[in-house]
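In short: position in the sequence shown from 1, add 7, done, that's our numbering. Remarks on the structure that follows.
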Amino acid sequence: MPMLFSRRAFVAVSSLLLIPCLLAGAGFIGLPRTGHQDAAGPEVTASSTPRFEVVVLGRAQDGGLPHLGCERSCCVNARKSGRLETPACLGVRDLETDRLLLLEATPRIEHQVGLLHDIAGTSGRPRRPVDGILLTHAHIGHYAGLIQLGREVASTKATPVWATPRFCEYLRTNGPWSQLVELDQIALREITPGTTDGATAPTSFEPLPGLRVDAFTVPHRDEFSDTVAFKLHGPSKTVLFCPDVDRWDAHEGLLEKLLEDVDVAYVDATFYDGRELPGRNILEVPHPPMIRTMELLEAVGRKTPGRVRFIHLNHTNPALNDLDLQDEIRGRGFPVAEVGERVGI
Numbered sequence: 008m009p010m011l012f013s014r015r016a017f018v019a020v021s022s023l024l025l026i027p028c029l030l031a032g033a034g035f036i037g038l039p040r041t042g043h044q045d046a047a048g049p050e051v052t053a054s055s056t057p058r059f060e061v062v063v064l065g066r067a068q069d070g071g072l073p074h075l076g077c078e079r080s081c082c083v084n085a086r087k088s089g090r091l092e093t094p095a096c097l098g099v100r101d102l103e104t105d106r107l108l109l110l111e112a113t114p115r116i117e118h119q120v121g122l123l124h125d126i127a128g129t130s131g132r133p134r135r136p137v138d139g140i141l142l143t144h145a146h147i148g149h150y151a152g153l154i155q156l157g158r159e160v161a162s163t164k165a166t167p168v169w170a171t172p173r174f175c176e177y178l179r180t181n182g183p184w185s186q187l188v189e190l191d192q193i194a195l196r197e198i199t200p201g202t203t204d205g206a207t208a209p210t211s212f213e214p215l216p217g218l219r220v221d222a223f224t225v226p227h228r229d230e231f232s233d234t235v236a237f238k239l240h241g242p243s244k245t246v247l248f249c250p251d252v253d254r255w256d257a258h259e260g261l262l263e264k265l266l267e268d269v270d271v272a273y274v275d276a277t278f279y280d281g282r283e284l285p286g287r288n289i290l291e292v293p294h295p296p297m298i299r300t301m302e303l304l305e306a307v308g309r310k311t312p313g314r315v316r317f318i319h320l321n322h323t324n325p326a327l328n329d330l331d332l333q334d335e336i337r338g339r340g341f342p343v344a345e346v347g348e349r350v351g352i
């Protein structure tokens with residue numbers, strides 16, 4: 008039975024209680040009920056030999072867990088136990104060449120790249136820790152890690168960064184990001200996203216040979232850039248990454264368009280039911296609650312359990328911290344993503 012080990016410790020196989028889960032269309036390996044994000048993750052097996060492997064490297068909202076300024080039990084207990092949940096991030100590994108991509112450059116980029124290197128068995132890459140980065144939008148949990156590519160830290164050489172034209176212009180014209188461009192530490196690659204209303208088709212691009220990517224604009228708080236979701240098309244499967252969206256009903260067919268021809272979808276799960284921000288106006292940070300997503304996709308959960316998986320969970324989201332609730336959600340066909348889980352595409 009294949010197994011993945013975390014960066015923190017290569018624990019003995021006998022110490023892991025693996026719980027098989029039967030999910031239509033893909034083979035999964037369950038996890039020990041630890042609740043920690045660096046536990047071994049399930050593998051999603053492709054129906055044919057995959058060329059690429061998509062790896063979950065983080066599943067929390069931008070601030071992670073523990074969260075700065077949070078004095079609730081979720082963060083107090085995490086500080087005491089050493090539990091760490093890092094912001095939502097995917098890695099991609101080319102199984103033939105061992106080239107590596109990141110989807111998002113989070114504030115915990117060092118930890119997440121280290122995990123990806125461990126999974127890939129990679130070493131000896133101090134100036135080029137990854138071969139490219141795809142960015143969804145300009146909120147801190149999704150791009151702030153770029154700064155560690157600068158000369159104060161990794162001092163990379165022309166690392167390709169794919170983003171929308173508006174986002175690229177923001178990076179070129181605002182420090183400290185502009186220095187990364189001026190010193191040739193990142194090389195910006197503009198992408199042309201499509202629209203989820205079908206009016207505009209995306210222009211596909213290949214961040215790695217054989218990996219076709221389509222971007223789609225999605226409604227979100229676009230203060231410094233627009234926001235996109237990515238579809239990663241490998242030879243055998245397609246993965247959707249949509250960590251942030253304001254709502255699914257922005258226009259008719261938005262969610263259906265995103266899920267079209269997708270085998271595994273990682274979607275926004277910032278809030279469980281919208282009651283997780285006492286003392287703050289949740290309308291300032293709108294996201295579709297998980298309960299609404301499950302309601303809209305109830306038939307999908309029944310027909311293909313595990314196809315839609317939740318990511319980008321706020322530190323206060325009970326689905327991040329309550330294992331019984333995670334079991335209940337999984338039973339409805341919508342697992343919470345586990346750090347280390349892999350999808351062959």
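We put the beta carbon where it would ideally sit given N, CA and C, even for glycine. Nothing here was measured: the structure is a model prediction, and the numbers come from that model.
- Whole-angstrom distance between Q155 and R219, CA atom to CA atom: In the sequence shown, residue 219 corresponds to position 212, counting from 1. In the sequence shown, residue 155 corresponds to position 148, counting from 1. When rounded, the distance between both Cα atoms is 27 Å.
- Message: For the beta strand (DSSP E) containing G98, name the first residue and the last one.
- Response: Indexing the sequence shown from 1 puts residue 98 at position 91. Its beta strand (DSSP E) spans residues 96-101.
- Inter-residue Cα distance where the pair is R132 and L102: What you label residue 132 is simply residue 125 of the sequence shown in a count that begins at 1. What you label residue 102 is simply residue 95 of the sequence shown in a count that begins at 1. Cα to Cα, the separation comes out at about 17 Å.
- Taking W184 and L141 to be in contact with their CB atoms under 8 Å, please state how far apart those CB atoms are, rounded to whole angstroms. The residue you call residue 184 lines up with position 177 of the sequence shown. The residue you call residue 141 lines up with position 134 of the sequence shown. With a Cβ gap of about 16 Å, W184 and L141 do not count as contacting.
- Message: By the DSSP assignment, the alpha helix (DSSP H) with E111 in it spans what residues?
- Response: For the purposes of this step, residue 111 is taken as residue 104 along the sequence shown, with counting starting at 1. Segment: none, E111 is in no alpha helix (DSSP H) and carries neither H nor E.
- Message: Which of the three DSSP states is assigned to T52 in this structure?
- Response: For this step, residue 52 is matched to residue 45 along the sequence shown. Confidence at T52 is low in this model, with a pLDDT of 48, below 50, so the placement of that residue is unreliable and no value is reported for it.
- Message: Taking its Cβ as the centre, do 16 or more other Cβ atoms sit within 10 Å of Q68, making it buried, or is it exposed?
- Response: By 1-based counting over the sequence shown, the position of residue 68 is 61. By the C-beta density criterion, Q68 is buried, having at least 16 other C-beta atoms within 10 angstroms.
- Tell me whether the beta-carbon of P296 lies closer than 8 Å to the beta-carbon of A257. Locating residue 296 in the sequence shown gives position 289, counting from the first residue. Locating residue 257 in the sequence shown gives position 250, counting from the first residue. In this structure, A257 does not lie closer than 8 Å to P296 by Cβ.
- Proximity below 8 Å, CB of T171 to CB of G139: Your numbering for residue 171 matches position 164 in the sequence shown. Your numbering for residue 139 matches position 132 in the sequence shown. Contact: no.
- Query: What did DSSP end up calling R90 once you bin it into helix, strand or coil?
  - Reply: Counted from its first residue, the sequence shown places residue 90 at position 83. Reduced to three states, the DSSP call for R90 is coil.
- Query: By DSSP, does R79 sit in helix, in strand, or in coil?
  - Reply: Translated into positions along the sequence shown, residue 79 becomes position 72. Looking at R79 - three-state DSSP - the assignment turns out to be coil, as it is neither helix nor strand.
- Pull up the CB-CB distance for N324 and Y273, whole angstroms please, since I reckon it's below 8 Å. By one-based count along the sequence shown, residue 324 stands at place 317. By one-based count along the sequence shown, residue 273 stands at place 266. The pair is not a contact, with the Cβ atoms about 15 Å apart (cut-off 8 Å).
- Smallest Cα separation from R299: which of T277, D191, L187, N181? Mapped onto the sequence shown, residue 299 falls at position 292. Out of T277, D191, L187, N181, T277 has the C-alpha closest to the C-alpha of R299.
- Endpoints, the alpha helix (DSSP H) within which H294 is located: The sequence position of residue 294 within the sequence shown is 287, counting from 1. Neither: H294 is in no alpha helix (DSSP H) and is coded neither H nor E.
- Would you list, in sequence order, the uninterrupted alpha helix (DSSP H) runs of no fewer than 4 residues that lie entirely inside the stretch 132-208? 147-150, 172-180, 184-189
- Task: Buried or exposed for G313, please, with buried defined as at least 16 other CB atoms from any protein chain shown within 10 angstroms of its CB.
- Result: In the sequence shown, counting from the first residue as 1, residue 313 sits at position 306. Label assigned to G313: buried.
- A326 lies in the beta strand (DSSP E); which residues open and close that run? Taking the sequence shown and counting its residues from 1, one reaches residue 326 at position 319. Careful: A326 lies outside any beta strand (DSSP E), inside the alpha helix (DSSP H) at 325-328.
- Segment contact, 8 Å Cβ cut-off, at least three pairs: the stretch 117-136 with the stretch 157-166: Touching, yes.
- Query: From L91, L332, P209, L247, pick the residue whose C-alpha is nearest to that of G65; which is it?
  - Reply: What you label residue 65 is simply residue 58 of the sequence shown in a count that begins at 1. Looking at the Cα atoms, L91 is the closest of the given residues.
- Task: Report buried or exposed for S21, applying the criterion of at least 16 other Cβ atoms within 10 angstroms of its Cβ.
- Result: Residue numbering aside, residue 21 sits at position 14 when the sequence shown is read from its first letter. Summary for S21: the model assigns pLDDT 26, below 50, so the residue's position carries little reliability; its value from the coordinates is reported in the next sentence. Exposed: under 16 other Cβ atoms inside 10 Å.
- Taking the C-alpha atoms as reference points, what is the distance between E259 and T234? Indexing the sequence shown from 1 puts residue 259 at position 252. Indexing the sequence shown from 1 puts residue 234 at position 227. Computed Cα separation, rounded: 18 Å.
- Item | Local conformation of V346 per DSSP, three classes | Here the question's residue 346 lines up with position 339 in the sequence shown. Correct three-state label for V346: coil.
- Item | Neighbour-count burial assignment, I147, 16 or more Cβ in a 10 Å radius | Position 140 of the sequence shown holds residue 147. I147 should be labelled exposed.
- Mind checking which residues open and close the beta strand (DSSP E) that includes E213? Your numbering for residue 213 matches position 206 in the sequence shown. It spans 212-215 - the beta strand (DSSP E) in which E213 sits, taken as one unbroken run.
- Since I believe V343 is in contact with I336 (beta carbons under 8 Å), could you give me their beta-carbon distance rounded to a whole number of angstroms? By one-based count along the sequence shown, residue 336 stands at place 329. By one-based count along the sequence shown, residue 343 stands at place 336. About 6 Å; that satisfies the 8 Å criterion.
- Beta-carbon spacing of F174, A194 below 8 Å: Residue numbering aside, residue 174 sits at position 167 when the sequence shown is read from its first letter. Residue numbering aside, residue 194 sits at position 187 when the sequence shown is read from its first letter. No, the pair does not count as a contact, with Cβ atoms beyond the cut-off.
- Query: Residues in its own chain within less than 6 Å of V350 by CB, not counting five upstream and five downstream?
  - Reply: Along the sequence shown, one-based indexing puts residue 350 at 343. Excluding positions up to five away in sequence, the list reads V51, V61, V246, V271.
- Task: Name the residue from T224, P114, R106, E111 whose alpha carbon lies nearest to the alpha carbon of S130.
- Result: For the purposes of this step, residue 130 is taken as the residue at position 123 of the sequence shown. The candidate whose alpha carbon is nearest that of S130 is R106.
- Task: Identify, in the order they occur along the chain, each residue of the same chain with its Cβ nearer than 8 Å to the Cβ of L123, setting aside the five sequence neighbours on each side.
- Result: Locating residue 123 in the sequence shown gives position 116, counting from the first residue. V62, L64, G98, R100, L107, L109, T129, V137.
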